[in-house]
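Before any comments, here is the structure.
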Amino acid sequence: MRAKHNLAELEAVATRLRLHVVNMVAPSGQGYVQQGLGAADIFTSLYFFEVRMNPADPAWPERDRVFLTTAHNTAIFYAALAERGFFPVADLKTYVTDGSRLEINSSERMGKFVEATCGSLGQGLSVAIGCAMAAKRRNRASRFFVIMGDGEMQEGQIWEAAMLAGAEGLDNLCLIVDYNFVQSEGPMNLVMSLEPLMDKMESFGFACQEVDGNDIGALLAAYDTARATAGKPSFIKANTLMGKGVGCLEGLMFHQLRFPPAVADAARTELEAQL
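Using this note's numbering, you'd call the opening residue of the sequence shown number 236 and step up by one each time.
So this is what it looks like as structure tokens:
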């Protein structure tokens, strides 16, 4: 079952998710704020429109499955899960505190709605491909969505997995790269460029699209195209702006942001004004 919303409602959801990210990271004073703010539209478009799932029955066999393979980007992930009804929104206040199940790296200990433990970068796509192949053999209509980071695509295992997905023609698989142009060591083009990325993915047998990852309408259209594509896995390069939605943070390319109280308060005020 999909949670259908119009575009204005989805944009409001994305703002709420961004506000959750700010509130979750603020107590520790540092964390993955920039990635969460930038990826909020990807998570909103998936969890609140595209993906078939049932919060009351997270293990529903016919569900679509979302794999967050950049498993450290949990603030936005947990915010989306809570808003979608998988666990109480109030639990977000426990994020990364001692004893909380809301750990910095998401794991299957959270419940069935976390499809795989992906603390080591590069492994999530392989797991998703195995699940997609199994669904094909069982004639299930489930679709498999993978959210990956651009820096993560520098891992060799990604390319082995991509080769298999193309060879198997897994048209039930959709790989979405949160392309924010930075990884932990610095800007992508200075550390190790992925370009020409679209040509590479096409050569591996993927049907490729490039969209503005902060445009929910463009993301939904890309999912429509992916769903209608037969015989090939889909690749969506979703270009995102780090810090999206908070003026003083937009475009600041920090892998892990120092987040002093004054900046958090300003971000909170700005996001609340957008609701």
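Using N, Cα and C, we set each Cβ at its ideal position, and we do this for glycine too.
Given the structure is predicted, the values throughout are model-derived calculations rather than measurements.
If only complete runs of 3 or more residues are kept, the segment 243-331 shows the beta strand (DSSP E) at 300-303, in order along the chain. Taking C-beta atoms under 8 Å as the contact rule, GLU318 and VAL248 qualify, at a distance of about 7 Å. Beyond the five residues adjoining it in sequence on each side, ILE393 comes within less than 8 Å, by CB distance, of GLY357, LEU360, MET383 and GLU387 in the same chain, given in chain order. Straight-line spacing of the CA atoms in ASN289 and SER438 works out to 36 Å.
In the three-state scheme derived from DSSP, where H, G and I count as helix and E and B as strand, CYS366 is classed as helix.
Residue range 469-474 is occupied by the beta strand (DSSP E) that includes ILE471.
DSSP places GLU505 in the helix class (H, G or I) of the three-state scheme. Linking TYR330 to ALA457 through their CA atoms gives a straight-line distance of about 32 Å. Counting of Cβ neighbours within 10 angstroms places GLY421 among the exposed residues, the total staying below 16. The beta carbons of PHE416 and ASN424 sit closer together than 9 Å. If you look at LEU429, you'll find it isn't in any alpha helix (DSSP H); DSSP assigns it neither H nor E. When beta bridges are read from the DSSP output, ILE382 appears opposite LEU303 and ILE411. Of the residues assessed, LYS467 falls on the buried side of the cut-off, its CB having 16 or more other CB atoms within 10 angstroms. If you draw a straight line from the Cα of VAL256 to the Cα of LEU272, it is about 7 Å long. One thing to note: LEU506 has its Cβ within 9 Å of the Cβ of LEU254. When DSSP states are grouped into helix, strand and coil, VAL481 belongs to the coil group.
DSSP links CYS443 through a beta bridge to PHE470.
DSSP, read as helix, strand or coil, puts PRO422 in strand.
By the neighbour-count definition (other C-beta atoms within 10 Å, threshold 16), GLN265 is an exposed residue. In the three-state scheme derived from DSSP, where H, G and I count as helix and E and B as strand, ARG493 is classed as strand. Assignment of VAL498 by DSSP, reduced to helix, strand and coil, places it in the helix class. For THR460, the enclosing alpha helix (DSSP H) covers residues 451-463.
According to the DSSP assignment, GLN392 belongs to the alpha helix (DSSP H) that extends over 391-403. Listed as beta-bridge partners of VAL349 by DSSP are no residues whatsoever. In terms of Cβ geometry, LEU484 and ALA502 form a close pair [threshold 9 Å].
Of the residues assessed, THR305 falls on the buried side of the cut-off, its CB having 16 or more other CB atoms within 10 angstroms. Judged by their CB atoms, ALA461 and TYR414 are not nearer to each other than the 9 Å cut-off.
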